[in-house]
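Step one of this worksheet: look at the structure below.
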Amino acid sequence: MLRIAGMFVISLLFSHMIFGQSPNEKKYIAIGDSTLAKLADEAVMEGKITNLETQAPIAEANILIEKLEKGITTGKNGIYRIVLPTGPHQIRIQYVGMQTVVKNIFLYSSGRLDIGMQEATVDLAEIVVEGKAADENIREVTTGIEKLSIKEIKTLPAFLGEVDVVKSLLLLPGVQTVGEGASGFNVRGGRTDQNLVLQNGAPLFNTSHVLGFFSVFNPDITEDFSLYKGFIPAQYGGRASSVLDVGLRDGNYQQYKVQGGVGLVSSRLAVEGPIIKVKTSFLAGGRISYSDWILRQVKQINVRQSAASFYDINAVLSHRFSQKSNLSLSYYQSHDYFRYSNQYGYTWGTQLGNVRWKNLIAPNLSSMSTAVYGDYSSTFFDPEGFDSFHLQNGIQYLQFKQNFLYTYFDQHTINAGTEWIRYDSKPEIAVPYAETSAVTPERIEKEQGRELSVYVNDEIVLNPRISVAVGLRYSSFQNVGPYAVLQYQNQVITDTVGYAKGDVIKQYGGLEPRVAARFSLGKSNSLKLSYNRMRQYIHLISNSTAPTPVDIWQMSNTYLPAQRADNFSVGYFQNFSENTWETSVEFYYKKMDHLLEYKDFARLLLNSHLETELLVGKGKAYGSELYIKRNKGKWTGWLSYAYTRTFVQANGQNVEESINRGDWYPANYDKPHNLTLVARRQLGKEGAFATNFTYSSGRPISAIVSSYEAGGTLVPVFSLRNEYRIPDYYRLDISFTTGKLFSKGKRYKDNMSFSVYNLLSRNNAFSVFYQRAEGYFIPVAHKLSVLGAAFPAITYNFSF
23 MLRIAGMFVI SLLFSHMIFG QSPNEKKYIA IGDSTLAKLA DEAVMEGKIT
73 NLETQAPIAE ANILIEKLEK GITTGKNGIY RIVLPTGPHQ IRIQYVGMQT
123 VVKNIFLYSS GRLDIGMQEA TVDLAEIVVE GKAADENIRE VTTGIEKLSI
173 KEIKTLPAFL GEVDVVKSLL LLPGVQTVGE GASGFNVRGG RTDQNLVLQN
223 GAPLFNTSHV LGFFSVFNPD ITEDFSLYKG FIPAQYGGRA SSVLDVGLRD
273 GNYQQYKVQG GVGLVSSRLA VEGPIIKVKT SFLAGGRISY SDWILRQVKQ
323 INVRQSAASF YDINAVLSHR FSQKSNLSLS YYQSHDYFRY SNQYGYTWGT
373 QLGNVRWKNL IAPNLSSMST AVYGDYSSTF FDPEGFDSFH LQNGIQYLQF
423 KQNFLYTYFD QHTINAGTEW IRYDSKPEIA VPYAETSAVT PERIEKEQGR
473 ELSVYVNDEI VLNPRISVAV GLRYSSFQNV GPYAVLQYQN QVITDTVGYA
523 KGDVIKQYGG LEPRVAARFS LGKSNSLKLS YNRMRQYIHL ISNSTAPTPV
573 DIWQMSNTYL PAQRADNFSV GYFQNFSENT WETSVEFYYK KMDHLLEYKD
623 FARLLLNSHL ETELLVGKGK AYGSELYIKR NKGKWTGWLS YAYTRTFVQA
673 NGQNVEESIN RGDWYPANYD KPHNLTLVAR RQLGKEGAFA TNFTYSSGRP
723 ISAIVSSYEA GGTLVPVFSL RNEYRIPDYY RLDISFTTGK LFSKGKRYKD
773 NMSFSVYNLL SRNNAFSVFY QRAEGYFIPV AHKLSVLGAA FPAITYNFSF
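So the number in our numbering is just where the residue sits in the sequence shown, counting from 1, plus 22.
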């Protein structure tokens, strides 16, 4: 014991002689081995930043060493690694929504320091982007990435008071939709099926409720979401345009919590808490709608006799085997029902089962293993008449993904792994709706497919001014049996070739390089460039302007090749007034090959030779985006303007295989001008007023330009495809969120949200239809509006 005490005293004296004073005198935390002091000028400090309450890792936390003007952010697993001079340092750890932590350390040699952070009550005005450093838009190498927090979008105006992840994306530059009530979204000239939408790593094939009015993401259990619309890291693939990655949070490991909301058309509830404190937690959330009472208030009888409803449920079970290992099980189910009077209707739904295992193999190496089962089903029904029927289809898939994250000091962040997906398209099945129906049952078999990918992506800090991201992905797709492939000659079926289960019918694949670079021009501005190639082996078959639930997901096969897109972008980013203002201007160009187009009056449903109705074309998209955002102050928000053009060409060997004589023509969703203004005013500590204004050009349509009579039948003559446009679109929304209403204590919190969607009652056109009026030989065009009035809403939100 005396020997140990003596060595301790000698060590303190030694450190005092070398560094001037004992670490204990300044209340320093000793890092490393004091006996190795002064053997090196620099050492590595590493560790993990976690939430003290939940023990969850904190990604993108800022670790600053102010005297050295040096800093670093934690990775997705909360891990950091930084090289510092040996000796005393004061470090500051900051993260939005958490209390700032300040530590005095004494770095003798390389060592580890884990830090826990406590949650803080933060004024909502200061919460602009969660998990993002103030100048992250300048320092990150990725171009065209958008990250919004759930807390931010909860105060924005929403249709009927429903906070919506997908609808909030439409307020950002480069993201648009064909119109109100349309499912899906278009990113930088891409089609709706070219967006990879992930919920906790699981792909979704339909992201909408009520035919596009609401999205499937429950805001009470969503942790964060990122939209990649420019550079897409190599760990993502399978789609040609963009990636929307939505993460669900784990349940609380320390205490039980309840939150939810009650609105005019829907309600939501989320419950979470520990099963075994600190070790095991659960999170369960659900939403349900009851909107039929609103439809009954409409004067039009067909609308009054219609019905629309949905529900969705989420459940997450998480267990910590140790601080280094975490297992998460999640389940998702949704169901929608829509009926227009007694004329027609849809039902559709999704089921997802997800297993994720996160494991910290070493301080700088972590692993994430994911297994997903997905099932999407849809039904179209026509309940009246002698030909009433049900039509069912859908798709199932099984996915396995293994990702490794390796950090080498603070210069390299490497993601590497592999991904395998098995697709099983469900057959199209038509059956009679009632016993009196004359419809004959029909079944159209569909193909199967399997996709295998391997990838590596490295973000490299070359020096303080230059960072690059280099990625390479190789993907291979096999269209497999059982299936019977038809053979053609001059559009006539000549033979059938049968393939047994598991036989490879057709194979596609290739390399998908990715590269991005960031050049810092100063502390507050940077220039970024990027290029990536994407391949897509699955296509949405729909000849309607907006996708419908019953549209077909078709594999690449003998006649339908894989889509391929080359995306180029360049942007300049500048911040002002200590990051109070963010500004950027970006330009992009996208080249797309093997796009599927449709012949005029194509029959897509219940067609055993679907390929004869499809054409293979190519596309191009280009544009520019201006973005100005204010992050601090009583008034916050952003202004965005995007000029974007998208064109398609189908130039076959003959007239039947060409569109518009083989010339380029605008895509269905080509809307050149898009302007958005979002403003938010903080009212007290918890109240807020928000408004947004959106404007966009009208989308293209094919119009009737003349008609003639043949045999007593009026035959319309249409213009070239997409030669005309519907009127321009604009809309103004407002919302007001109160502070506390009935809550008095700290535990129970509540507020009331009031909003008015389409305040100006603008009768925006969704499409144009034609009716022959008396006295007119040519049918007269009429504007179809989905929402032609102002829609007020009120929602009561609570948590305890």
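The beta carbon of each residue, even a glycine, is placed where N, CA and C say it ideally should be. Since we're looking at a predicted model, the values are computed, not measured.
Could you give the distance in angstroms between the alpha-carbon of I51 and the alpha-carbon of I87?
-> The C-alpha of I87 is placed about 15 Å away from the C-alpha of I51.
Taking the Cβ atom as the reference point for each residue, do Y102 and T108 lie within a distance shorter than 8 Å?
-> The answer is no: Cβ separation not under 8 Å.
Three or more C-beta pairs below 8 Å linking the stretch 167 to 186 and the stretch 578 to 598 | In short, these stretches do not touch, since the Cβ pair count stays below three.
Helix, strand or coil at F343 according to DSSP, with G and I counted as helix | If DSSP states are grouped into helix, strand and coil, F343 belongs with the strands.
Go ahead and pull the three-state DSSP assignment for Q433.
-> If DSSP states are grouped into helix, strand and coil, Q433 belongs with coil.
Euclidean distance between Cα positions of E633 and D242 = Distance between the alpha carbons of E633 and D242 is about 43 Å.
Residue from A83, G93 and T165 whose Cα sits closest to the Cα of L551 = When each option's Cα is compared against that of L551, the closest is T165.
Euclidean distance between Cα positions of Q257 and K423 | Their Cα atoms are separated by approximately 10 Å.
Hey, quick one: how far does the beta strand (DSSP E) through D772 stretch, first residue to last?
-> Taken as a continuous stretch (DSSP letters only), the beta strand (DSSP E) holding D772 covers K771 to Y779.
Could you say which of S548, K169, K762 and G396 lies nearest to K707 if we only look at CA atoms?
-> Just measuring C-alpha positions, the residue of S548, K169, K762 and G396 sitting nearest K707 is K762.
Specify, as a first and last residue, the run of the alpha helix (DSSP H) that R161 falls within.
-> E158 to R161 is the span of the alpha helix (DSSP H), which, as asked, contains R161.
Might you give, ordered along the chain, the residues of its own chain that have their beta carbon closer than 7 Å to the beta carbon of N785, omitting 5 neighbours on each side?
-> Excluding sequence neighbours, N785 sits near S807 and G810.
So is W315 buried or exposed if we call it buried at 16+ other beta carbons inside 10 Å?
-> By the 10 Å Cβ count, W315 comes out exposed.
Return yes when the Cβ of W575 is within less than 8 Å of the Cβ of I800, no when it is not.
-> No; because the gap between Cβ atoms is not below 8 Å, this pair is not in contact.
Go to W370, then tell me how far its beta strand (DSSP E) extends in each direction, as first and last residue.
-> Residues Y366 to A384.
Would you tell me roughly how many angstroms separate the C-alpha atoms of Q43 and F128, rounded to the nearest one?
-> Reliability fails at Q43, whose pLDDT of 41 lies under 50, so the model's placement of it is uncertain and the value that follows must be treated cautiously. Between Q43 and F128, the C-alpha separation is close to 11 Å.
C-alpha distance - T716 paired with L266, whole-angstrom precision | Rounded to whole angstroms, T716 to L266 spans 22 Å at the Cα level.
Beta-carbon spacing of I137, V124 below 8 Å = Not a contact, by the Cβ cut-off of 8 Å.
From the DSSP output, in three-state form, read off F227 for me.
-> Here F227 carries a coil assignment [DSSP, helix/strand/coil].
Starting from D397 and walking both ways along the beta strand (DSSP E), at which residues does that stretch end?
-> That run of the beta strand (DSSP E) goes L387 to D404.
Specify the secondary structure class of E441 as computed by DSSP and reduced to three states.
-> E441 falls in the strand class under three-state DSSP.
R326: first and last residue of the uninterrupted alpha helix (DSSP H) it sits in | Run containing R326: I323 to R326, per the alpha helix (DSSP H) assignment.
When you compare only the Cα positions, how much space is there between R465 and A643?
-> Taking the straight line joining both Cα atoms gives about 38 Å.
For my contact list, L305 and V338 are in at a C-beta cut-off of 8 Å; report their separation, rounded to the angstrom.
-> Indeed they touch by this definition, with Cβ atoms about 4 Å apart.
Could you tell me whether the Cβ atoms of S313 and V287 are closer together than 8 Å?
-> Contact: yes.
Leaving out five residues before and five after R231 in sequence, what residues of the same chain have Cβ atoms less than 8 Å from its Cβ?
-> The question names Arg, yet the displayed sequence has His at residue 231. For H231, where only same-chain residues beyond five positions count, the Cβ hits under 8 Å are S237, V238, S311, F332, D334, S356 and D358.
Taking S347 as the reference, which of I383, R361 and K528 has the closest Cα?
-> Residue I383 holds the alpha-carbon nearest to the alpha-carbon of S347 among I383, R361 and K528.
Option nearest R213 by Cα separation, candidates P814, I756, R703 and D692 | Closest in C-alpha terms to R213, from the list P814, I756, R703 and D692, comes D692.
Which first and last residues belong to the alpha helix (DSSP H) in which K173 is found?
-> Counting along the chain, the alpha helix (DSSP H) containing K173 begins and ends at I172 to I175.
CA-CA distance, I681 and Y455?
-> C-alpha of I681 to C-alpha of Y455: approximately 37 Å in a straight line.
Paired residues, beta bridge with E450 - DSSP | E450 is bridged to I466.
When N554, E75 and R261 are compared against L562, the one with the closest alpha-carbon = The closest CA to that of L562, considering only N554, E75 and R261, is found on R261.
Between the Cα of E467 and the Cα atoms of T177, T759 and P449, which residue gives the shortest distance?
-> For the residues T177, T759 and P449, the minimum Cα distance to E467 belongs to P449.
Take every Cβ of the stretch 771 to 779, pair it with every Cβ of the stretch 687 to 703, and state whether three or more of those distances are shorter than 8 Å.
-> The way I'd put it, the stretch 771 to 779 doesn't touch the stretch 687 to 703; fewer than three beta-carbon pairs between them come closer than 8 Å.
On the three-state DSSP scale, how would you describe N682?
-> N682 falls in the helix class under three-state DSSP.
Between Y611, S724 and V293, which lies nearest to S566 when the distance is taken from Cα to Cα?
-> Cα-wise, what sits closest to S566 is S724.
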